[in-house]
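Numbering (the working numbering), first residue to last: 385 to 625.
Don't be surprised by glycine CBs; every beta carbon is placed ideally from N, CA and C.
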């Protein structure tokens, strides 16, 4: 069933108006008519079965019942990753959203290939949020991940997290803790920062800056920068769901 999101708090039986973007999608893409049903996730992350009551210039909707579901990972994963070349980053955030990432933080890595000024960053965030929102609707989530730009690795503030995991490619052939071993120490409700490197790998300075955190290996193979977060999220899902 088609899913949308609203910042409003919905109540059963109380009519609300769909946003301009949702109205366009409902009328011109889905071809909804009065009486058609869909799911709407409100600002409190509650999912409602709703019906169209009228479809003119605006679309009026009525919540019919609360839908019981639990599509979110039991741990909150914030993916820290630099920008990647081409459309790799777009693809990564889309798939990571489908796999349950809670948020994304884009940092400037010493070996980052892609560098943006402030104006271009704002435009990228708009594009990324559109990708993330559509992926959240498609995967029937109750939460739309946030995405923002943050300082370089050496300046990151990570005190708000219960665990900070650092996926270092140099660990692939060493006896460092495996992801599976590390996940056994996590508990439902934990907030986790998972830091992934750029296409050129972490610099020595970045590795040193992250040395106080849990350095782990993602198996014996070297993964692409856009693949590593998806590998980790899949393993987390398999462990906790």
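The straight-line gap separating the alpha-carbon atoms of residue 469 and residue 497 is approximately 7 Å.
Positions of the beta strand (DSSP E) runs, each at least 3 residues long and wholly inside the stretch 522 to 590, are given as 530 to 534, 547 to 551, 575 to 579 in order along the chain. Taking 8 Å as the cut-off, the beta carbon of residue 580 is found closer than this to the beta carbon of residue 465. Note that the stretch 603 to 613 touches the stretch 475 to 488; at least 3 beta-carbon pairs, one per stretch, sit closer than 8 Å. Close CB contacts of residue 455 within its chain, under the 7 Å cut and outside five residues either way in sequence, are with 524, 525, 526 (chain order). The DSSP-derived three-state label of residue 422 is strand.
When secondary structure is reduced to three states using DSSP, residue 501 falls in the coil class, being assigned neither helix nor strand. Residue 601 carries a strand assignment under DSSP once its states are collapsed to helix, strand and coil. Residues 567 of the same chain have their beta carbon placed closer than 6 Å to that of residue 623, with the five preceding and five following residues left out of the count. Just measuring C-alpha positions, the residue of 437, 602, 392, 403 sitting nearest residue 430 is 392. Just so you know, the alpha carbons of residue 594 and residue 389 end up roughly 37 Å apart. It is roughly 39 Å from the alpha-carbon of residue 582 to the alpha-carbon of residue 407.
Non-local C-beta neighbours of residue 602 in its own chain, meaning closer than 7 Å and more than five positions away in sequence, comprise 551, 563, 612, 615, 616, ordered along the chain.
Residue 553 and residue 592 have their alpha carbons spaced roughly 14 Å apart. DSSP links residue 449 through a beta bridge to 433.
For residue 460, the uninterrupted beta strand (DSSP E) run begins and ends at 460 to 465, by DSSP. By the 16-neighbour rule on beta-carbons within 10 angstroms, residue 467 is buried. DSSP places residue 392 in the coil class of the three-state scheme, outside both helix and strand. With a cutoff of 8 Å on beta-carbon distance, residue 531 and residue 460 are scored as not near each other. In the three-state reduction of the DSSP assignment, residue 480 falls in the helix class, which pools H, G and I. Where residue 404 is concerned, the enclosing alpha helix (DSSP H) starts and stops at 404 to 408. In the DSSP assignment, residue 622 falls outside any beta strand (DSSP E) and lies within the alpha helix (DSSP H) extending over 612 to 624.
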